[in-house]
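Asks: Have a look at this one.
Number of protein chains: 2
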Amino acid sequence: MRMEITPAEASVSGPRTPAASASRDAAVGITGAVSLLRPVRAGNAFEETVERLLQAIKLGVVPHGEKLPPERELATRLGISRVTLREAIRALQEAGYLDVRRGRYGGAFVVYRPPSPRKGDLRRAVTRMGEDDLEDALTFRMAVECGAARVLATTELTPRQRETLAARLSGVNDAAPADYRRMDIAFHLAIAELSGSPLLAAACADARLRVTDLLNAIPVLRPNIEHAAVQHAAIAAAILDGDPEAAERAVAEHLEGTAALLRGFLA
Amino acid sequence: MRMEITPAEASVSGPRTPAASASRDAAVGITGAVSLLRPVRAGNAFEETVERLLQAIKLGVVPHGEKLPPERELATRLGISRVTLREAIRALQEAGYLDVRRGRYGGAFVVYRPPSPRKGDLRRAVTRMGEDDLEDALTFRMAVECGAARVLATTELTPRQRETLAARLSGVNDAAPADYRRMDIAFHLAIAELSGSPLLAAACADARLRVTDLLNAIPVLRPNIEHAAVQHAAIAAAILDGDPEAAERAVAEHLEGTAALLRGFLA
DNA sequence: GTCCAAAAGTCTGGAATCAGACCATTGAGG
DNA sequence: CCTCAATGGTCTGATTCCAGACTTTTGGAC
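Read top to bottom, the protein sequences are chains A and B.
Residue 13 is where the first sequence starts when you use this note's numbering, and the numbers rise one by one after that.
Residue 13 is where the second sequence starts when you use this note's numbering, and the numbers rise one by one after that.
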């Protein structure tokens, strides 16, 4: 075995970007040498696979009690060999995220529930990923989610799309406390996915991921939920209205709120 | 050798995303299984490295006549072994993009100049990457660049940052025809890089990349340049003004124009 | 002309990854 | 109870990728 994961250490922050701590107005070359000559791959296949699966689990794409797709299929979808996938699954199993059962109707069952946050978790999470990376992630998320909302609001929506968006909105509003974060994620990702651009969807998923651990480390409070509900409604309304500017403004406001909340808990 | 590249075939489009052709309002699961269970890696290290270097060359990050960093340094920066890097360099050399000289003051010199487009190039480029991927790329670019502009306009800019932005703007305006695309790229990327978020910068670079081949396949016409100049000025002004909405609107308009231009040449 | 430093070029053993065949376990349905 | 299909578990040989040591070429400095 090559790696051990404990829930406390498992993180989706990924390897640090070398340029992450570059000064804010660094004198980059004529164009982005910094962004282009970055690492080709974030780690070896095993590590990246563990990250990916952990993402799917933590974001609730595969909720508690459900199982991952069969190994063969999953390996194909992830574009890796079954051997590598199995190593990743084993690591997650040993870390307590998965329960693997064999035989027909067997599979890798998710046994993860978002832990209720304890004091100090946030500090630790931030320390683990680095302050610069936190700012980076928040900025990135702001940009891609605003952009996605704008795009979607600009699009002519089909009735089907409108329904999906509305459904996700009520999904968050009706969510049980334990399910809140999961439904919140579902709502945010729906915006990106409905845009019809896989690249954009992937970027939003990635952005959200980078802050999941942090959000999981702060309690879900009633007033925050209510505040968020209003903002979510505003976002959905602006999109359904076909008002790009309003959609963006609403998303920006919402994310600003989340970021402020995080910074508040850190101060 | 594992691969051969000819200038005619070389492309930065990369492997197709399996979900690229998914229906616009496909019934995705409760959350984006589609975006999360996507391939972990886009290809093998060699292929990805070739793409990356080709990007740096085509985007003009390393302009004609300049050389890439020394192999050892570059390999470290790209996070790959020197052997793999060398294979990629050799492929690009054989394809005529690089001239490799040894000895002190040697190195891998870029000999690429953006080819003047010929009729049919665009059609071929689109065929190569696929219509769905084209829409995906355009959407993605719209989202991330709009988002980046918004973020930057929201930021309190240092004098240094303001200067950089202004410099890049005049860079495009004063560019010789042969340098136009390069300077245009530099301007667009500057917006993302000035945001201080490496993730965002990388996303914008990636987005731009996915349409470079297409843009290179259409002629640079005087009226288009003039039109673009006005829009670039509007973007810079809105950012310097600290007006997020205006900044975004300006970027959206500009990119819409580019997209329309592309579609026009395709029709 | 000699020396030297910086660069590309070469070689080797080992680790990671893959594709694919095959085995073992399980629960549902006949 | 037996069979079967779906699933995880295991093995093997080939390929890719790596780290690092070593060699060769080149042009400037003295």
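Glycine included, each C-beta is placed from N, C-alpha and C at the ideal position.
Is the shortest distance between the beta-carbon of THR61/A and the beta-carbons of chain B less than 9 Å?
Replies: yes
Asks: Within the same chain, show all residues whose beta-carbon is closer than 6 Å to that of VAL62/A, passing over the 5 residues directly before and after it, in chain order.
Replies: ALA100, ALA103
Asks: Beta-carbon within less than 6 Å of ALA149/A's beta-carbon, same chain only, minus the 5 sequence neighbours each way: which residues are those?
Replies: These residues qualify, in order along the chain: ARG222, VAL223.
Asks: Got a sec? Which residues, its chain only, sit under 8 Å from GLY115/B by beta carbon, not counting five neighbours each side?
Replies: none
Asks: Output yes if chain A places a C-beta closer than 9 Å to the C-beta of VAL122/B; else output no.
Replies: no
Asks: From LEU66/A to ALA198/B, what does the alpha carbon distance come to, in whole angstroms?
Replies: 37 Å
Asks: For the stretch 254-269 of chain A, list every residue whose C-beta sits within 8 Å of some C-beta in chain B, in sequence order.
Replies: PRO256, GLU257, GLU260, ARG261, ALA264
Asks: Would you call VAL95/A buried or exposed, if buried means 16 or more other Cβ atoms sit within 10 Å of its Cβ?
Replies: exposed
Asks: Quick one: what's got a C-beta closer than 7 Å to GLU205/A's C-beta in the same chain, skipping five residues either side?
Replies: ALA213
Asks: In angstroms, rounded to a whole number, what distance separates the CA positions of TYR124/B and GLY208/B?
Replies: 30 Å
Asks: Could you give the residue range of the alpha helix (DSSP H) that holds ARG222/B?
Replies: 210-228
Asks: Use the C-beta contact count for ALA20/A: other C-beta atoms within 10 angstroms, 16 or more gives buried, fewer gives exposed.
Replies: Because ALA20/A carries a pLDDT of 39, less than 50, the predicted location of this residue cannot be relied on, and no value is offered for it.
Asks: Examine the Cβ distances between the stretch 257-271 of chain A and the stretch 145-165 of chain A and report whether three or more of them are shorter than 8 Å.
Replies: yes
Asks: Distance, Cα to Cα, ARG89/B vs LEU80/B?
Replies: 12 Å
Asks: I need the DSSP call for GLU260/B, collapsed to helix, strand or coil.
Replies: GLU260/B falls in the helix class under three-state DSSP.
Asks: Please confirm whether THR151/B has its beta-carbon closer than 9 Å to some beta-carbon of chain A.
Replies: yes
Asks: Determine the DSSP secondary structure at ALA39/A, reduced to helix, strand or coil.
Replies: Here the model assigns ALA39/A a pLDDT of 30, short of 50, so the residue's position is not dependable and the matter cannot be decided.
Asks: So who's on the other strand from GLY119/B, going by DSSP bridges?
Replies: ARG113/B
Asks: Is LYS131/A buried or exposed, if buried means 16 or more other CB atoms sit within 10 Å of its CB?
Replies: By the 10 Å Cβ count, LYS131/A comes out exposed.
Asks: Which stretch, first to last residue, makes up the alpha helix (DSSP H) that contains VAL52/A?
Replies: Careful: VAL52/A lies outside any alpha helix (DSSP H) and carries neither H nor E.
Asks: Does DSSP put LYS79/B in a helix, a strand or coil?
Replies: For LYS79/B, the three-state secondary structure derived from DSSP is strand.
Asks: Check whether the Cβ atoms of ILE92/A and ALA68/A lie closer than 9 Å to each other.
Replies: No, they are not a contact pair.
Asks: Which same chain residues, not among the five before or five after ARG180/B, have their C-beta less than 6 Å away from its C-beta?
Replies: ALA198, PHE199, ALA202
Asks: Return the CA-CA distance between LEU169/B and LEU252/B, expressed in angstroms with no decimal places.
Replies: Across the structure, LEU169/B and LEU252/B are spaced so that their CA atoms are roughly 8 Å apart.
Asks: In this structure, does DSSP put CYS124/A in helix, strand or coil?
Replies: Note that residue 124/A corresponds to Tyr in the displayed sequence, not to Cys. Three-state DSSP puts TYR124/A in coil, outside helix and strand.
Asks: Inspect the beta-carbon positions of LEU177/A and ILE230/A and report whether they are closer than 9 Å.
Replies: no
Asks: Suppose the cutoff is 8 Å on Cβ atoms and the five residues either side in sequence are ignored; what does the same chain contact list for ALA87/A look like?
Replies: SER93, ARG94, THR96, LEU97
Asks: Note down the Cα distance separating VAL40/A from GLN173/B, rounded to an integer number of angstroms.
Replies: Summary for VAL40/A: the model assigns pLDDT 36, below 50, so the residue's position carries little reliability, and this model does not support an answer.
Asks: Could one say the Cβ of PRO82/A lies closer than 9 Å to chain B's Cβ atoms, at least one of them?
Replies: no
Asks: Establish whether the CB of GLY276/B and some CB of chain A are separated by less than 9 Å.
Replies: Closer than 9 Å: no.
Asks: Using 8 Å for Cβ pairs, my map puts VAL112/A next to VAL74/A. What's the rounded Cβ distance?
Replies: Not quite, the Cβ-Cβ distance comes to about 14 Å (not below 8 Å), so this is no contact.
Asks: Helix, strand or coil for VAL232/A, going by three-state DSSP, please let me know.
Replies: coil
Asks: Could you check the C-alpha separation between GLY254/A and THR167/A for me, to the nearest Å?
Replies: If you take the alpha carbons of GLY254/A and THR167/A, they lie about 7 Å apart.
Asks: Comparing the CB of ASP191/A with every heavy atom of the ligand FMN, is any distance shorter than 8 Å?
Replies: Questions concerning the ligand FMN fall outside what the structure shown contains, since it holds no ligand whatsoever.
Asks: Of the residues HIS244/B, ALA245/B, GLU157/B, TYR192/B, which one's Cα is nearest the Cα of LEU10/B?
Replies: Because chain B in this structure spans residues 13 to 279, residue 10/B falls outside the shown range and cannot be described.
Asks: Hey, how far is the Cα of GLU78/B from the Cα of GLY118/B?
Replies: GLU78/B and GLY118/B: Cα-Cα distance of roughly 11 Å.
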